[in-house]
């Protein structure tokens, strides 16, 4: 296990170096969606792709699309090490702007060193959007329970509460978008506008 962690940290050095060399067009226009299970990351990602010409979508939970990477999962004893390497591999190998929806756990790390390095990798990207049902965490929890048909007190409920309260997502996000009383189309348009405003502000400087 110690050797596996050491290899993961060594891989992170390479990821960080490769990400720093990505073209600004990729880092400035890629949109990364993070958030708890059931916040609609996949739906929002699909809507954004339909509205921005030339951008593609990558879902880190798509085992078919990322089959070659998921085939390496059995080599990891600690699943979080695998999630970290999977995420780092995708981010460091981008050739053009993408909409990337992280699985709920891909942005959450209890290991302080992995958490710091994930933050380092993501800091190169200008559009990391945290999707939350509401500004109120307890209300978000209730909305997600209802939305996904999860029983209160179940493992899924505990996982979502962890994702809602963990500082990881809040540290990574460049913007937080709240979904309450809004349609997925409204949310996707807000995210696109946020990206455009950042580009316009950058050009004006």
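Numbering (my numbering), first residue to last: 154 to 358. Positions of the beta carbon are idealized from the N, C-alpha and C atoms, including for glycine. Since the structure is predicted, the reported quantities are computational estimates derived from the model, not experimental observations.
{"Check": "Integer Cβ distance of residue 325 from residue 260, believed to fall under 8 Å", "Outcome": "6 Å"}
{"Check": "Distance between residue 207 and residue 360 (C-alpha atoms, nearest Å)", "Outcome": "No answer is possible for residue 360: it lies beyond the span of the chain, which begins at 154 and ends at 358."}
{"Check": "Extent of the continuous beta strand (DSSP E) run through residue 251", "Outcome": "251-254"}
{"Check": "Beta-carbon gap between residue 298 and residue 192 smaller than 7 Å", "Outcome": "no"}
{"Check": "Cβ-based burial, residue 302 [other Cβ within 10 Å; buried from 16]", "Outcome": "exposed"}
{"Check": "Proximal residues to residue 333 (C-beta, below 7 Å), its chain only, five neighbours per side dropped", "Outcome": "286 and 287"}
{"Check": "Which listed residue (321, 316 and 239) has its alpha carbon closest to that of residue 164", "Outcome": "239"}
{"Check": "From 184, 244, 319 and 224, residue whose alpha carbon lies closest to that of residue 263", "Outcome": "319"}
{"Check": "Sequence-distant residues of its chain with Cβ nearer than 7 Å to residue 250 (five each side left out)", "Outcome": "178, 179, 182, 183 and 208"}
{"Check": "Contact set for residue 344: own chain, Cβ-Cβ below 6 Å, skip 5 residues either direction", "Outcome": "282"}
{"Check": "Proximal residues to residue 327 (C-beta, below 7 Å), its chain only, five neighbours per side dropped", "Outcome": "279, 280 and 281"}
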